[in-house]
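Note sheet for the following structure.
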Amino acid sequence: MEANTMRTQVAIIGSGPSGLLLGQLLYRAGIDTIILDRVDRDYILGRIRAGVLEEGTAALMDQAGVGGRMRTEGLPHDGFDLVYDGEIHRIDLANLTGGKRVLVYGQTELTHDLMDARDAEGLLSIYDADNVQPHDYDGAQPYVTYEENGVSKRIDCDFIAGCDGFHGASRASVPASALQVFEKIYPFGWLGMLSQVPPVSDELIYSNHGRGFALCSMRSKTLSRYYVQCSLEDKVEDWSEDRFWDELRRRLPERFADDVVTGPALEMSIAPLRSFVCEPLRFGRLFLAGDAAHIVPPTGAKGLNLAASDVHYLYEALREHYEEKSDAGLDNYSAKALHRVWNAERFSWWMTSMMHRFPDMSDFDRRIQRAEFSQVVQFEAASATLAENYVGMPF
Ligand code: FAS
Ligand code: PHB
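Numbering-wise, the working numbering puts 1474 at position 203 of the sequence shown, and it's gapless, one number per residue.
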């Protein structure tokens, strides 16, 4: 074999949660992988993202053999508060779903656990890989090329997993005629703050206030994660820490606002909100998973959890290919993953529509939004539908 050519069974592009979790599950099934990423570990671990795991995602981490710290340090949550113009309504997840709950455990920690496990098993991850490109996935011998310190390298493989996020090379390599995309851009963003202060409440608080949306979340009992809806024109430098804390408190009911413990920001960033789905998710021997395939507004805490369900379906299909010589799972991957994706897209859009102040809202729109909230408060069936979506549909 050429000096600059390697071989593996599954080449995974992207060392985020999707790529790492897929790599770990395949390893446990004796299937060889190489993971490539265009940045380094520290950059990946420095991105503050998701905070809520569905039970299915947590179970997948257990199945991958990396659930130890998550089970020790993760915070099980049985409910959260939904607030509309100061009216507080608790969504009792456990009672509304027959005992299901979610686990509060940061994506950063989950990614760290997966990276540590991969290192401990001596599995190959190539960071700072430039110009990663998938090739010949319409044929039987796909391969991936990349540059390392200016030297061109090649990885021959059986399959390519495109786990490289929304801006990755995998989906971008597919001719526009071979795929269809569905997209909705929201007219606002989320300004997030991470601060080493105790959370204002033991549970999450989603608040729709006349000034805009706010979310009180956490990473532990001493590390808080807060968000306020902001304009798409806003820049992080427009927001001092004091301005952030003031705005957060203004958007919370007094009962909570008075208890907010403020502190310096460990991180502040603005995330734009979009809904996005690519169809299909399979192109010959290239399979898209996670943010490479779809994006949801974070209101429903679905992004990371959808990545996990994609990985579950793709892992099972690849295991079936190698162990049972059957391609039924691979042939059904796209349809199966997209069914769950679209249900989560709907829920995330619905929660976002109910909980945010849209700049172009008419008075009628605002009344309808208020009525949407009232439905949840008045009818247990409406609360239960919200709760079932929040804890996540079964994989
Ligand atoms: P990721 O984007 O995490 O990882 C993709 C990896 O591929 C990256 O490491 C990237 O460097 C690499 N890559 C990209 N292009 C490449 C190329 N050409 N070559 C090689 N590598 C390449 N979800 C929630 O549930 N709650 C939240 O609060 C939340 N907040 C978010 C905030 C932001 C700013 C963003 C962008 C997303 C947020 N999400 C949230 C969603 C997020 O958690 C994703 O669902 C999750 O990161 C998906 O994981 P991956 O599919 O692995 O994609
Ligand atoms: C977070 O903790 O970052 C978080 C939690 C719930 C969401 C979105 C973000 O819906």
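Glycine included, every Cβ here is placed at the ideal spot set by N, Cα and C.
Query, Result
"Residues whose Cβ lies closer than 5 Å to any heavy atom of ligand 2, in chain order", "Gly1322, Val1323, Ser1488, Arg1496, Pro1569, Ala1572"
"When Met1664, Glu1659, Phe1666 are compared against Leu1367, the one with the closest alpha-carbon", "Glu1659"
"Length of the line joining the Cα atoms of Asp1506 and Arg1628", "One detail in the question is off: residue 1506 reads as Lys in this sequence, not Asp. Cα to Cα, the separation comes out at about 19 Å."
"Top-ranked residue by Cα proximity to Asn1275, from Pro1535, Ser1605, Val1422, Leu1589", "Val1422"
"Range covered by the beta strand (DSSP E) that runs through Val1548", "1538-1550"
"Burial state of Ala1599 (16 or more Cβ within 10 Å)", "exposed"
"Complete alpha helix (DSSP H) runs within the region 1580-1641 (minimum length 4 residues, chain order)", "1599-1626"
"Proximity test, Asn1576 beta-carbon vs ligand 3 heavy atom, cut-off 7 Å", "In terms of ligand content, the structure shown lacks ligand 3 and carries ligand 1 and ligand 2 instead."
"Cβ pair Glu1550, Gln1451 closer than 8 Å", "yes"
"Any non-hydrogen atom of ligand 1 closer than 7 Å to Ser1289 Cβ", "yes"
"Cβ pair count under 8 Å reaching 3, the region 1453-1465 against the region 1504-1520", "yes"
"Cβ pair Asp1399, Asp1311 closer than 8 Å", "yes"
"Every unbroken beta strand (DSSP E) within the region 1388-1440, with a cutoff of 3 residues, ordered by chain", "1401-1406, 1414-1419, 1422-1427, 1430-1433"
"Boundaries of the alpha helix (DSSP H) in which Thr1656 is found, first to last residue", "1651-1662"
"Closer than 7 Å: Leu1307 CB and nearest ligand 1 heavy atom", "yes"
"Ser1286 beta carbon near ligand 1 (any heavy atom closer than 7 Å)", "yes"
"Paired residues, beta bridge with Phe1459 - DSSP", "In the DSSP output, where bridge partners are listed per residue, Phe1459 has none listed."
"Ser1466 and Leu1475 closer than 8 Å at C-beta", "no"
"DSSP three-state assignment for Gln1500, whether helix, strand or coil", "strand"
"Ligand 1 heavy atom lying under 7 Å from the CB of Arg1320", "yes"
"Stretch pair the region 1542-1556 + the region 1609-1616: three plus CB contacts closer than 8 Å", "yes"
"N-terminal and C-terminal residue of the beta strand (DSSP E) that Ser1286 is part of", "Where Ser1286 is concerned, there is no enclosing beta strand (DSSP E), given that its DSSP letter is neither H nor E."
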